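Take a look at the structure set out below.
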Amino acid sequence: MGSDPVVTFGLRDGRSRQAQPPPVSDRLRQRIERWKQQLLDVTRRNRGINFRTAHSTLALPRSPAELWQTFIVDESSDEFAARDFAPEAPFPADDDRARAAFDAARRLIDRARTADREQGIRVLFLALGWLEWVDRDRHRLRSPLILVPVDLTLDRAARVIRLSPAADDAPEVNPSLAYVLRAQYGIRLPAFEDEEGQPCFDGIDAYLAAVRRAVAAQDGWTVEADGPVVDVFAFAKLAMVEELDRAAARLAANPVVARLVGESFPAEGLSTDGDDADAPRPPIDERIPPGALHVVIDADAFQLEAVAMAAAGRSFVIEGPPGTGKSQTITNIVAELVAAGKTVLFVAEKRVAREVVLDNLQQTGLAEACLHLAINAGAGARADTKAAVIKEIMDTLDAGPPPPLPPGDLAGRARELRDRLNAHTRAMSAPLGQGGWTTAYDLVGNAEHTRADRRDLSGIPPLVDCDRFWLDDVAAACARLDALPAPALEALAGPWSAFRGPGGALPAAVRAALERVAAAPAAAAAALDGATEPLHPAPGAMTPPALAAAADHLEAFETLRRRSASPLRFLSPGFYRARAAAARAREAGYRDPGDAARRAADLRALAARCAEDAALLALCFGSEHPLGGPLEQAAAWAEALLPGLDAWAALDEAARALADLEARGMRGPVVALLRDPSARGRLAPIVRASVLAAWAQEALASPAILTPGEHQRLVDALARLDQELIAAARQDVLARLRTSRRRLTRTPSIAMRQLAKYHRAKRRPALRVMLARTRQAVQALKPCLLMSPLAVAQYLCHERDEDTYRFDCVIVDEASMVPTADMAVALSLAPQAIIVGDSKQMPPTSFFSRDLEAENGPGEDDDVGFESILDEAAPVLPSTMLRAHYRSRDETLIAFSNVHFYDGRLIAYPDAWGVRPESGVHFEYVADGAYGRGGTRANPAEAARCIAVLRRELAAANFTRQVSITSMSIAQQQEILRQVEEAALADPLIRRWLDEGGLVRNLETVQGDESDVMILSVGYGRDETGRLILNFGPLGKEKGERRLNVAITRARWKTIVVSSLRASDIDPARTSATGTLRLRDYLDYAERGLPALEVSGRFAPRQPEPFEQALGARLAAEGLRVVPCVGAGGYTVDLAIAHPEDPERYILGMLCDGPGSWGAPACRDRELGNTAVLLRMGWNIHRVFAAAWFRDPDTELARILEAYRAALRP
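Position 765 of the sequence shown, counting from 1, maps to 765 under full-length UniProt numbering, and the rest follow consecutively.
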């Protein structure tokens, strides 16, 4: 069929031309036109304009008048059995007509369910009345006139089709046809109901007669009643197109839209404080005090960051990979904004995304602030639906009085506890040493490795004065000493410890000097023999200066003798001076030996030699020698040194090593250590161990470091306060809402009175009309609305601008899948926008629109992609990422995506088991699979294996786990569905699975799904001739790898990859498609596990820290099997003890206060959140503190062993 347009978007009817928006930029005007073209197809591809029956068309065996009465007048249901479709057949259930009807019903149910889930739109309609007409290109067209929204169910056991009117929508004139006829021909089809919801016609004949009158002037146009059918029709986005026509001025004034289309806008429209959200910021604990935000559901630090940005009025992007708590984050953002008196519009195409957030708000007690306009679909009739919406709004007035305010001291106490716990972490992690090269935790770990060599040394320099190489240099110098021969080490333990090296002196000269020093007492004694009184100190006790003084005294006797020989001596002053000097000599204990001159000369020579020897030896020993002191001491020193001269070369080397030690302040401690014979030859390890222990002791002296008991008491108190703060936040939000509501009821507005009137009325106008007339009251009572993008345009936007809703903030979820065109209207309603999605997951696709346009569903290769709102917002808005992954109960489920898609930024948690059949990623190879068998693009053998795996999993879990199937192609999905339906006829397990909502998805429809067990069918493979064509449908297209990422991240417990291909079958040299290459990598990973990631070079398991190594060694010595660093997804359990009877199960996990703890971005995550997740993952957790172990390892070991025994007890 041709695809020429029936109508051009530039054409408008008269009313549209009169309502032209104020002048806007050409750039924005062009973008609006492009958005409109993306939203609505009114070409002949639209089945609402050019209807032709298909395999999924369900023709109804009832007259149009009967259907009008049942579904429009009575708003009741009808049932169709096989007999209705084959009335004359002897066995109607086996008749081809009945089979075709039931097959069509199954197809319609699946397509309608998909559209509702994925896009939040209703596509299943009963078509009554037909317009046969000719367009301007002379194409003959057949279009339905009346479309009645219906729900279709299939009772497999009773073989009955049930059809009922949809509760949340009213019958209407075919909107696509009405739009085309109005724009192209100026024809307005008769309205079906008036604005008050009253029917305008008594029956279908009256309505069709009115249509005939409206088109009477058109040649060849006819109106028919016969041929009612149920089918899918796509026209819902027409409301968005019409609103874009009206909203140009509003779009131009919106700061976020301006950014998206590339226009400048004042920064304050995007951020209230103007700083860059991506710039480095202080830790969140330093920026956000406890209780500062209304956290009504558990939030980790990454989620709290997003709440804080929302509270600051920012427009920004939240990157939320799978299982990172996007819905929890949105819940807390809604609570925070509503508490601040703001109005919020939460928009998501998928119904399940909206319902998850609403469920969260209900659990927190805040659902009374919210209105989900699609939640009332369970009502029995349309009137009931309208009544239910109004009742839900009005019931808010009866929600109760404001709750009492929570205690005011909770936040302060929580901050005190948090600060004490953070102080401990800072003390253990603070950079220490010159340049900050180590931490207290590292010091304890290294000290524990060398505990056996530890000695108590004094004089060790403080850590603050030592750089990271200091200890290595000291140990190297000690190792040089250790290498010396034993005689040298013994000499170093004595007087040679002061040896500074030769200093230019020769060994022979040193020996001669030492020998002279050793002989000096004897020489002095000989010179003074008979020259001293008995009480005079012994010559050996004299110092070299005393020898010179003794020489002076002896010379005084010789001078007196010479002066006394002169007869005129009494006249000579010199005589008297000599006599006085001699008297002083006698007083000093000297006497005249008779040869005083000779002895004085000997003494002077000895003193001179002592000075010369001291100068020589000072070159070798510096000032550390006794020369210049008593001769006996110097002699003893010299005599002790003389034997060591035989090791002169070794002593020279020792002097150099000691010089290095002296430069680092360690000569004294090492020399002292040398005096211990047991330390000789082991100086390096002993010094290293002793220094580390001393430094660790110094670092652990901080009063901030907690004992295990103190830490546990603080954590227990913080856990209680954390829950109290959450409860207090909920109370505060409710108190604010209900207080504001009371003020509203005291002086009711016109809107409030109108709302009350609708509440009492028996007949009400259309819901859209009621919402427009009561806007102020609705937003006052329900400040948060949850809607699909389509519902926003249908219910909140109106021709009168004052009736159009405005919000303070719009939150967009699943934004990676939503084209910007779909969100433009919603974005225009609020100055602040929060875009939530995952840029590594499903991009926008034309799959759903193609599914509705195609007669028998879309093909595999005709996808058309659009830029998502996330893709367009990310470059122009600040962003924050949710990094903690909570969905996977086995971290191997997310490990591949973490490595290949998220660059290892996700934090996933390990479970307490190794490889086991109940969880993880498993590979099922289908050796006999053939792609394209039977002329289809399916793989029947692989589909059959999927059914077998499904049966096995259902039997193993006994329906305690949800099991789903995802195929990588639509053809494979249809083949699996066909085989499932056949299997259900004979297999009660499969039948029960189907009846309870068992799902078979394809790549295009699986995003947003979660399942305990996901069976993933690849489908593609070699054909019957063995040929493999590397055409993998959407996977091989641009951004195809994002589709793969969606499919492999849906499971909570287990993914089973069923494939006729192995990784080796895909030759990377034959393709450059990223999606195909990632599929090859994933097949390899599914078959080989984590080693496949290690080979990729992009995955490096964490290595244990020194303390963890030492602790593990000590536990292994107790006979326990200890595994370090359990975890491959960003978070690791520092040490795990395996079960003695099951090596694949970890019975006890130990968390230390090292880097694994410091990496937590906030105290709550570190002390509460991470532990809670591990407990949910099956762990028994025990905390080990490095400081406590260092101080008393035996006590801490006993605590660990007791925890281990307790974990073993049933």
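Note that CB positions come from ideal geometry on N, CA and C, so glycine has one too.
Quantities reported herein were computed from a predicted structural model and do not represent experimental measurements.
- Secondary structure note for R162: its beta strand (DSSP E) is the uninterrupted segment 160-165.
- Residue burial annotation: P1091 is exposed, with fewer than 16 other C-beta atoms found within 10 angstroms of its C-beta.
- Counting the other Cβ atoms within 10 Å of the Cβ of R1209 gives fewer than 16, which makes it exposed.
- DSSP places F923 in the uninterrupted beta strand (DSSP E) bounded by 920-925.
- Between the stretch 471-488 and the stretch 635-653 there are three or more inter-stretch CB-CB distances shorter than 8 Å, so the stretches are counted as touching.
- Counted as a single uninterrupted DSSP element, the alpha helix (DSSP H) harbouring Q633 occupies residues 631-641.
- Within the DSSP secondary-structure output, T1171 pairs in no beta bridge.
- A check of alpha carbon separations from A647 across A729, L489, F557 identifies L489 as the nearest.
- In the three-state reduction of the DSSP assignment, Y758 falls in the helix class.
- Rounded to whole angstroms, R468 and L706 show a C-alpha spacing of 27 Å.
- V334 is not bridged by DSSP to any residue.
- Cβ contact annotation for H372 (same chain, cutoff 7 Å, sequence separation greater than five): R354, L358, L786, in chain order.
- Assignment of alpha helix (DSSP H) within the stretch 1064-1125, counting only whole runs of 4 or more residues, yields 1074-1088, 1090-1095, 1106-1117 in chain order.
- Taking the C-beta atoms as reference points, Y902 is found no nearer than 8 Å to E891.
- Using a 10 angstroms sphere on the CB of L882, the tally of other CB atoms reaches 16 or more, which defines it as buried.
- Look at the stretch 43-109 and you find these whole runs of beta strand (DSSP E), each 3 residues long or longer: 78-81.
- For R992, the number of other beta carbons within 10 angstroms of its own is below 16, and it is reported as exposed.
- Within the same chain, and ignoring the five residues on either side of R609 in sequence, the residues whose Cβ sits closer than 8 Å to its Cβ are R516, A520.
- Under the DSSP definition of a beta bridge, K1054 partners with G920, V1013.
- Counting only runs of 4+ residues, the alpha helix (DSSP H) found wholly inside the stretch 949-1000 occupies 970-986, 988-995, in chain order.
- In the three-state reduction of the DSSP assignment, H372 falls in the strand class, which pools E and B.
- Under the rule that a run must span 4 or more residues, the alpha helix (DSSP H) segments found entirely inside the stretch 747-831 read 750-760, 767-773, 775-781, 820-827.
- Taking each of R99, V211, L39, P199 in turn and checking the Cα distance to W133, the smallest one comes out for V211.
- Counting only residues of its own chain and dropping the five nearest sequence neighbours on each side, L244 has a CB closer than 7 Å to the CB of I32, W35, K36, A824, V825.
- L692 and A601 have their C-alpha atoms spaced approximately 59 Å apart.
- As the crow flies, the alpha-carbon of V670 is around 14 Å from that of F499.
- Where T880 is concerned, the enclosing beta strand (DSSP E) starts and stops at 879-881.
- Looking only at H900, V733, P917, S969, the smallest Cα-Cα distance to A292 is reached by V733.
- The alpha-carbon of L641 is positioned some 14 Å away from that of E632.
- Taking A659 as reference, the option from I990, G501, P708, L260 with the minimal CA-CA separation is G501.
- Taking one beta carbon from each stretch, the stretch 174-191 and the stretch 47-57 have 3 or more pairs nearer than 8 Å; the two touch.
- Look at the beta carbons and you see the stretch 1029-1043 not touching the stretch 979-998: under three pairs across the two are nearer than 8 Å.
- Judged by pairs of C-beta atoms under 8 Å, the stretch 1133-1147 does not touch the stretch 421-438, as fewer than three such pairs exist.
- For S176, the enclosing alpha helix (DSSP H) stretches over residues 175-180.
- Rounded to whole angstroms, P144 and P228 show a C-alpha spacing of 9 Å.
- By the C-beta density criterion, G932 is buried, having at least 16 other C-beta atoms within 10 angstroms.
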